[in-house]
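Undergrad:
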Amino acid sequence: MATFYDALTDSQQAWIVQQKIYFVASAPDAGRVNLSPKGMDSFTILGPNRVAYLDLTGSANETSAHLRQNGRITVMFCAFEGGPRIVRLFGQGRVVTRHDTDWPQFAPLFPDFPGTRQIIVINVDKTQDSCGMTVPLYRFEAQRNQLVDHWDKLGPDGVKDYWTKKNTVSMDGLEAVPLTDSDAD
Numbered sequence: 141m142a143t144f145y146d147a148l149t150d151s152q153q154a155w156i157v158q159q160k161i162y163f164v165a166s167a168p169d170a171g172r173v174n175l176s177p178k179g180m181d182s183f184t185i186l187g188p189n190r191v192a193y194l195d196l197t198g199s200a201n202e203t204s205a206h207l208r209q210n211g212r213i214t215v216m217f218c219a220f221e222g223g224p225r226i227v228r229l230f231g232q233g234r235v236v237t238r239h240d241t242d243w244p245q246f247a248p249l250f251p252d253f254p255g256t257r258q259i260i261v262i263n264v265d266k267t268q269d270s271c272g273m274t275v276p277l278y279r280f281e282a283q284r285n286q287l288v289d290h291w292d293k294l295g296p297d298g299v300k301d302y303w304t305k306k307n308t309v310s311m312d313g314l315e316a317v318p319l320t321d322s323d324a325d
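Shown next, in the form of structure tokens:
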């Protein structure tokens, strides 16, 4: 039931931009697989073989550490409303922080949320369409704003402190891409 492509099809692109949630998976060469849900209109399609998403400060920084080690990443979208469908994007990702020279190229594509940590840019080398017939139906109500409100309340200094305590090393001991003081401003 699965069909593979070497790039995002027009149909996949049109469908992806309508989705309210997606999931990002990465893993180190040895260690635990990380799988994170994402939302808040943080995903953009840059072309048939390139996508990016805005990564907000969270409980850990696993994806950054994994990408720093091996670059492997998978993004999955699945239909919770309408007809069943799953689209997976396989590729190599990299982390772009505020001190990187290409930050100005990507940052305007996303909302300027408090707690913005980095942008993940992915070169997609394979996509997959599959049925999604076992995915349950849910109705979208709204995006949650608690995380953005939390980082707004803490301010840039609170975000920096959190990065130092929680976002420098993965649970498997791998270093994440360094975040500088200017990254929280």
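One point on numbering: in the working numbering, the residue at position 138 of the sequence shown is 278, and numbering is uninterrupted. For each residue, glycine too, the CB sits at the ideal point set by N, CA and C.
Check for me: the beta strand (DSSP E) holding P177 runs from which residue to which?
TA: N174 to K178
Undergrad: Buried or exposed, going by whether 16 or more other CB atoms sit within 10 Å of the CB of P254?
TA: With 16 or more neighbouring CB atoms inside 10 Å of its own CB, P254 falls in the buried class.
Undergrad: With a Cβ-Cβ cutoff of 9 Å, do G233 and K266 count as a contact?
TA: No, they are not a contact pair.
Undergrad: Using CA atoms only, rank isn't needed, just tell me which of L277, P296, F250 and V235 is closest to T184.
TA: F250
Undergrad: How many angstroms separate the CA atom of I161 from the CA atom of D169?
TA: Going by the C-alpha atoms only, they are around 27 Å apart.
Undergrad: Within 10 Å of its beta-carbon, does R279 have 16 or more other beta-carbons around it, so buried, or fewer, so exposed?
TA: exposed
Undergrad: Taking the alpha carbon of Q158 as the reference point, which residue from P276, G223, C271 and S270 has its own alpha carbon closest?
TA: G223
Undergrad: Tell me, please, which residues DSSP counts as bridged to M216.
TA: F163 and R228
Undergrad: How long is the line joining the alpha carbons of V173 and L196, rounded to whole angstroms?
TA: Roughly 19 Å separates the two Cα atoms.
Undergrad: Which residue marks the beginning of the beta strand (DSSP E) containing V275, and which one marks its end?
TA: No beta strand (DSSP E) contains V275, which DSSP labels as neither H nor E.
Undergrad: N307 and A200 look like a contact to me (Cβ under 8 Å); what is the Cβ gap, rounded to whole Å?
TA: Contact annotation, N307 with A200: C-beta distance approximately 7 Å; criterion of less than 8 Å satisfied.
Undergrad: Could you tell me the alpha carbon to alpha carbon distance between E202 and R208, rounded to whole angstroms?
TA: 10 Å
Undergrad: Let me know the secondary structure DSSP gives T149 once reduced to three states.
TA: coil
Undergrad: Buried or exposed: K293, going by 16 or more other Cβ atoms within 10 Å of its Cβ?
TA: It counts as exposed.
Undergrad: Based on Cα-Cα distance, which residue from I259, C218, V164 and S176 lies nearest to L186?
TA: I259
Undergrad: Go ahead and pull the three-state DSSP assignment for T308.
TA: coil
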